[in-house]
Structures are given as C-alpha cells and as structure tokens.
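Counting from 1 along the sequence shown, just add 6 to a position and that's the residue number in the working numbering.
Cβ coordinates follow ideal geometry from the N, Cα and C atoms, glycine included.
Treat the numbers as computed from the prediction; the structure is a model and nothing was measured.
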Amino acid sequence: MGWPSLLVLVRHAESEGNLRTAEERATFDRATHNYALTERGREQARLTGEFIRNTYADFDAYYVSYYRRSHETMKIMYPDAKIYEDPRLAEAQRGIWHMMTNEQVKMRFPEEIERKEREGLYHYRPFGGENWPDVELRIHSFLGTLNRDQHQKRVFMVVHGHWLLLFQRLIHHFSIDESVKRYKDGIAENASVTVYHTMGRPNAPLLHMIEHLVPWEGKI
Numbered sequence: 007m008g009w010p011s012l013l014v015l016v017r018h019a020e021s022e023g024n025l026r027t028a029e030e031r032a033t034f035d036r037a038t039h040n041y042a043l044t045e046r047g048r049e050q051a052r053l054t055g056e057f058i059r060n061t062y063a064d065f066d067a068y069y070v071s072y073y074r075r076s077h078e079t080m081k082i083m084y085p086d087a088k089i090y091e092d093p094r095l096a097e098a099q100r101g102i103w104h105m106m107t108n109e110q111v112k113m114r115f116p117e118e119i120e121r122k123e124r125e126g127l128y129h130y131r132p133f134g135g136e137n138w139p140d141v142e143l144r145i146h147s148f149l150g151t152l153n154r155d156q157h158q159k160r161v162f163m164v165v166h167g168h169w170l171l172l173f174q175r176l177i178h179h180f181s182i183d184e185s186v187k188r189y190k191d192g193i194a195e196n197a198s199v200t201v202y203h204t205m206g207r208p209n210a211p212l213l214h215m216i217e218h219l220v221p222w223e224g225k226i
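Written out as structure tokens, the structure reads:
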C-alpha cells in the first residue's frame, strides 16, 4: 500500500452555479449537484483536457463525484475513460443555505446567523449540511482508498473547489487558520490543474509539483 505515483486533480469547469451569487443559487430551480456546465465551462474543459492529455497522456484510474458538473468535465477531457464515481468526492453540503436566502434564514432561524458568525468557517455546521471537519472525514476515507487501490498508479480526478482546499489542508498539514486564509483568498479556478507525484519512489510521500495551473487562461 502507498500513494499513486502521479495524482492529477482538476477542479470542475465553470457551471451554472458559478455564474450566480449564493443568494441567487438559493432561489435557482435546480439542485446544487445537478448544475450543468456553461458553454464557457465546456471550452475551459476542452482546453484543460487538451493540456492534460498532451502532458500526461492516459491514466490508470479516473475518479469523479456524483455531481453533474464533475461528470461533464471528465467526459470532455477523457470521453472514453472508465470512470469511478465516488460520493466521498462531493462538494461540501451547505444545508439550508442551498435553499434559503439570508433573509429567509433570518426570518425562520434568527439564531442561525449569530451561530454561524460565532462558530466560524471551520466549525460551523448548517442545518442539513456539513462543516469542514465533516468533509475532511470523507477525504481521509478516500485517501485510504487511494493508498489501498492505487499504489504507484497514475490517477486523474475531477474535484470541487472546497473539497480541494481541504484535501490540501490534510496533505500539507495546513493549520485551520492557514486554510481559512486560503479560502478567503479564493479557491482554485475552474478547470485548473493541481499535480502531486512521488518522484518514482514507491514508498515516498506525495510531493507537490503544480498548484492551480490554468491552461485555458488567456485563450477564452
């Protein structure tokens, strides 16, 4: 058991949700897991996919979450790949904030606003949703699967922005404060590429090679 020899992670391309504010998404008539890619997103996926295929060719395993935007991104990049769909790769669930505006929450759950501010980004768990440690538990579990099933294999994943932020917190042992700062500074761009490898050493830890490279930048 051990790490993949190469791990390439791409945040999904631009989706309908990325064009909307949190308030607009709360009133959008589509569930967050069912957001489709925009036309711009499809072009992002095409250009990033071209870069990845030219740079890394094919992989031994391909992983996505069950979200539509994740699947659509993967299908553009590697249309013939055998895909492993894993629910542990899903984006963080925001519970009531997926379905209710700030004003609606204030009216129905007035104490929730204060609780959110008091507990902070890392600890706050919305009704029906997850906090950051909840997502990290899913990531910990998935890392165990990578160790067990993909030792010294080449792995490609389409992931979500918040998920990737917390994945990197665990891999790099970032503090909570550092991760909150990284979140506030802005998560990875859509269809950006992050790469880890083991330098060909079977029992070596994952080493960081590329972070958030945007192959489509300046081309759209």
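| Check | Outcome |
| --- | --- |
| Which runs of the alpha helix (DSSP H) fall wholly inside the segment 165-218 and span at least 4 residues, in chain order? | 167-178 and 182-191 |
| How would you write the range of the beta strand (DSSP E) that Val-220 sits in, first residue to last? | Counting along the chain, Val-220 falls outside any beta strand (DSSP E), and DSSP gives it neither H nor E. |
| Which of the three DSSP states, helix, strand or coil, is assigned to Glu-91? | strand |
| If Pro-10 and Val-161 are in contact, beta carbons under 8 Å, what's the gap, nearest whole angstrom? | 4 Å |
| If you measure between the beta carbons of Arg-94 and Phe-148, is that distance less than 8 Å? | yes |
| Looking at the unbroken alpha helix (DSSP H) that takes in Arg-46, where does it start and where does it end? | 45-62 |
| Would a C-beta distance cut-off of 8 Å place Leu-127 and Tyr-189 closer than the cut-off? | yes |
| By DSSP, does Met-163 sit in helix, in strand, or in coil? | strand |
| Taking 8 Å as the cut-off, decide whether the C-beta atoms of Gln-158 and Pro-211 are in contact. | no |
| In this structure, does DSSP put Tyr-128 in helix, strand or coil? | helix |
| Using 8 Å as the threshold, is the C-beta distance between Leu-53 and Trp-222 below it? | yes |
| Decide if the segment 111-127 is in contact with the segment 63-70; the criterion is three or more beta carbon pairs, one per stretch, under 8 Å apart. | no |
| Based on Cα-Cα distance, which residue from Arg-100, Glu-217 and Leu-219 lies nearest to Lys-29? | Inspection of the sequence shows that residue 29 is occupied by Glu rather than by Lys. Per the Cα distances, Arg-100. |
| Is the separation between the beta-carbon of Leu-15 and that of Met-163 shorter than 8 Å? | yes |
| With DSSP as the reference, label Arg-36 as helix, strand or coil. | coil |
| For Gly-23 and Gly-206, I'd like the C-alpha separation in whole angstroms. | 39 Å |
| Ala-42 by DSSP, collapsed to three states: which one? | coil |
| Would you call Ile-226 buried or exposed, if buried means 16 or more other Cβ atoms sit within 10 Å of its Cβ? | exposed |
| Would you call Ile-145 buried or exposed, if buried means 16 or more other Cβ atoms sit within 10 Å of its Cβ? | buried |
| Between the alpha carbons of Asp-86 and Glu-217, how many angstroms are there, rounded? | 26 Å |
| How is Arg-100 classed by DSSP in three states: helix, strand or coil? | coil |
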